[in-house]
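Chains as they are written, first to last, in my numbering: chain A, 7 to 332; chain B, 1379 to 2021.
Have a look at the structure below before the remarks.
If you want it as structure tokens, here you go:
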């Protein structure tokens, strides 16, 4: 058996030297080839890789395979029908490197298929040369395998579909519940186009941002094109078209605070949270914002957090403060 | 205590009610605590809760003791620097910086009519000043609008009626014709307090004479100027005065619908004004047939969603109509064709708050305050590097020096005064040599700045004028709606030039270019946002040109603000090698062994100043320098570096 411990460092170096990267999808595909008990066609690799990473497309698989082949990491072998199979190349292994012949023999032994002639030829030419085809009913074998695989895949997909359907249903239910809430706000403003900004303010206070479905719904209800709603929502500072963090940190950037050093305060918060002003942390916990005046100039430079004002907190105080909320 | 709500039908009703309410408080001690946003930031709500708790605790043991005590939450007192502020009426004893732990002591002393000296304002000699109006901050002011802020609970219409509120309205509706009201306002020469300074009476007349029905009246409370919060204080602290002014305006003009456009960012103000409208409606001061005068008038509150340009008249009206708040060309004034194409009167909060006072005391009284061209008082928010931050109301014509030194108590930390910026982002800076300038609309205009809504930002020697101008331009570019090219592109180009100058890459021709751009902006912009944006550039160039030149010619920022032009160094002879700065440096730019002088790697340094902050005072080894590196030697003064 082949000692199938792949030297990733070696491969990585190889790829890097050629100006490429060992991306996540490339790594996934390499792993699949590595772990395969038998040779795989591009289709097989695609199906297997989907389980690991649903984002991989068949084109990615082909491109990756072509790339790997170019670097000599894997080998493309033509057998039987016109479908090529892929197997690790010799130099993919760190220690003992089996010869090409041995490798192919091992592979074919495992799959129970005999290959007539392999000696002295590079794999790329195998299919092109006349007479180097598999013996036996190779097509039948492939068909059964294929059917089994597709069946298994179908089962997985059906399960996933059901799950997605359920999730969507829950989401829809929430949205439908939402519409009740939206209707209430709309009625408060008498479904009047002139009150559009007032409605949006109420939605913003309700959701902390303006979800798309809300804007859609409002637009259809009061008969205003979505483009116009977006025009207003993006013009006014108070509206957000993206979800906001649970807690907002508002730093006053008014003139009075500016001359008292609000920029330094902002920089300190940026250093602690590692986000830019206007951004939200990855866990949607904090959103950092600046405003033009909080109107408590005597405290400047001042920041508003959790409905409390803090005057020029130091880095340590900030860390303590932000760590104190969950 | 709550009595049945009865509708008010005449001036007499109002006066009776006021008398009744006054009697109610006779002989009682009122503990009032400021609940303006400034004091709330100092946790005044906790103090208020503590007082209530304390009163409750005492009443359990001895109810008789506190039967003469009334607690009241009032609007902003103005002296935000010393918040939270507590005033005991009728003695007017003023306590400052009260904490909730201090409450029991104060309550206890107040019950027996004593004062707690330690929370009272101390003057320079250290002797206590008990009365609020004797404190220098208040002594030099003339508070005709803010005065009632500290006496009434903004959420109670009764409090407003007690001090004679709505009597001016009743006087108008029952004894004056709309023309007489208009004449009174015109005679008073009340100029728009929102910044423009356009006479309100003339505007009202235009709206009145314009054809079209219905007419609208709007309160502009979209106070977007950074560092200015007088409108918010009035709306929060005394919403009824604005409402009363608005109803009087509606009567004089013949409007049937009013709007109050207030920023969503002022939640307290929104709540208070909505509550005030409801209360006024309840007792029949809004709605149909107000005070049996056949005036039908109602008010709606429109919340602004945060756009500076929406404070401009045509943009504000577009926002009320429900569209994007962009200004339009005003070859036809909004007074003639405003909201939905109808005649519309738009005035600032402070302007409306002045109206009841004028009607009540007469135009003559009003013109006796202030200067010839600008009568009455103006509220300024005195902020920045000044000792007494807060809202000040002064008669027009007062000297800038008096505001900053007498009321404001001089510059913080004993530094040197450099300039004062007035009028918000649209205004300019006023240097020290013009400090004796009398403050009114025309004089400020002459100096190249403007009254604006009344922001007054004091700057000291550690503020870089180039940086300040850049800050304002950035603000304006951010808030520009982008409709007209001079404003959108002109501001952007100016910012590029400023960034160049601030990073030490300024060019000799840059100053000329800034001046040229200023001329274009002033002449070709669609609205005031663009045409006044150059004020800050022109005034800083006029009064602080040498500072620009220092940036361009000597790569030096005299105020040590522009980061690319400053650098921190450790003085070898002073550094003892304690390694404190090494540990505090966020980018590991400082190297050095213990007991040996450390060194800052200038390439790595991000100029955060952390090393300077942590260096122990006894060593004081880290210094900040500016200018071209080689030219700077130890002990050299900044001015020497520049020349």
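We put the CB at the ideal spot given by N, CA and C, even for glycine.
- A distance of 9 Å or more separates the beta carbons of residue 1915 of chain B and residue 1903 of chain B.
- Rounded to the nearest whole angstrom, the C-alpha separation of residue 1599 of chain B and residue 1638 of chain B is 7 Å.
- Considering only beta carbons, the part of the stretch 1623-1656 of chain B lying closer than 8 Å to chain A consists of 1642, 1643, 1644, in chain order.
- When C-alpha distances from residue 1483 of chain B are compared across B:1503, B:1469, B:1429, B:1511, the shortest belongs to B:1429.
- From the beta-carbon of residue 202 of chain A, the residues of chain B found nearer than 9 Å are 1700, 1701.
- Distance between residue 1469 of chain B and residue 1509 of chain B, taken at the CA atoms: about 7 Å.
- Pairing residue 1849 of chain B with residue 296 of chain A gives a Cβ-Cβ distance that is not under 9 Å.
- Selection B:1969, B:2003, B:1957, B:1799 evaluated against residue 1994 of chain B yields B:1957 as nearest (Cα-Cα).
- Taking 9 Å as the CB threshold, residue 198 of chain A lines the interface with chain B.
- Residue 1515 of chain B has its alpha-carbon roughly 22 Å from the corresponding atom of residue 1451 of chain B.
- Assignment of residue 1613 of chain B by DSSP, reduced to helix, strand and coil, places it in the helix class.
- Within 8 Å of the CB of residue 1871 of chain B, no CB atom of chain A is found; the nearest one sits about 22 Å away.
- With contact defined as three or more Cβ pairs closer than 8 Å, the stretch 283-294 of chain A and the stretch 238-252 of chain A are in contact.
- Secondary structure at residue 1554 of chain B: coil, using DSSP grouped into helix, strand and coil.
- In the structure shown, the three-state DSSP call for residue 1533 of chain B is coil.
- For residue 1759 of chain B, the beta-bridge partners assigned by DSSP are B:1769, B:1833.
- Close to chain A, meaning a Cβ-Cβ distance shorter than 8 Å, are the following residues of the stretch 1748-1767 of chain B: 1759, 1761, 1762, 1763, 1767.
- Rounded to whole angstroms, residue 1986 of chain B and residue 1924 of chain B show a C-alpha spacing of 26 Å.
- Of the residues B:1645, B:1701, B:1622, the one whose Cα lies closest to the Cα of residue 1727 of chain B is B:1622.
- Bounds of the beta strand (DSSP E) holding residue 1472 of chain B are 1471-1473.
- Ranking A:50, A:42, A:30, A:22 by CA distance to the CA of residue 77 of chain A puts A:22 first.
- At least one CB of chain A lies nearer than 9 Å to the CB of residue 1803 of chain B.
- In this structure, the CA atom of residue 1894 of chain B is about 45 Å from the CA atom of residue 211 of chain A.
- Nearest in C-alpha terms to residue 1465 of chain B, of all of B:1432, B:1853, B:1449, is B:1449.
- Straight through space, the alpha carbons of residue 223 of chain A and residue 1569 of chain B are spaced by roughly 46 Å.
- Contact annotation for residue 1841 of chain B against chain A: 265 [CB-CB distance below 8 Å, chain order].
- Residues of the stretch 235-261 of chain A that bring their beta carbon within less than 7 Å of a beta carbon in chain B comprise 237, 238, 241, 242, 243, 244, 245, 260, 261, in sequence order.
- Non-local C-beta neighbours of residue 1573 of chain B in its own chain, meaning closer than 6 Å and more than five positions away in sequence, comprise 1830, 1831, ordered along the chain.
- Under the 9 Å criterion on CB atoms, residue 1688 of chain B is classed as interfacial with respect to chain A.
- Counting along the chain, no alpha helix (DSSP H) covers residue 1465 of chain B; the unbroken beta strand (DSSP E) around it starts and ends at 1464-1467.
- In the three-state reduction of the DSSP assignment, residue 294 of chain A falls in the strand class.
- The closest CA to that of residue 230 of chain A, considering only B:1415, B:1760, B:1701, is found on B:1701.
- Less than 9 Å divides the Cβ of residue 1524 of chain B from the Cβ of residue 1456 of chain B.
- Spanning the alpha carbons of residue 82 of chain A and residue 244 of chain A requires a straight line of approximately 58 Å.
- Residues of chain B with a Cβ closer than 7 Å to the Cβ of residue 315 of chain A are, in chain order, 1419.
- Within the model, the alpha-carbon separation for residue 1899 of chain B versus residue 1911 of chain B is close to 7 Å.
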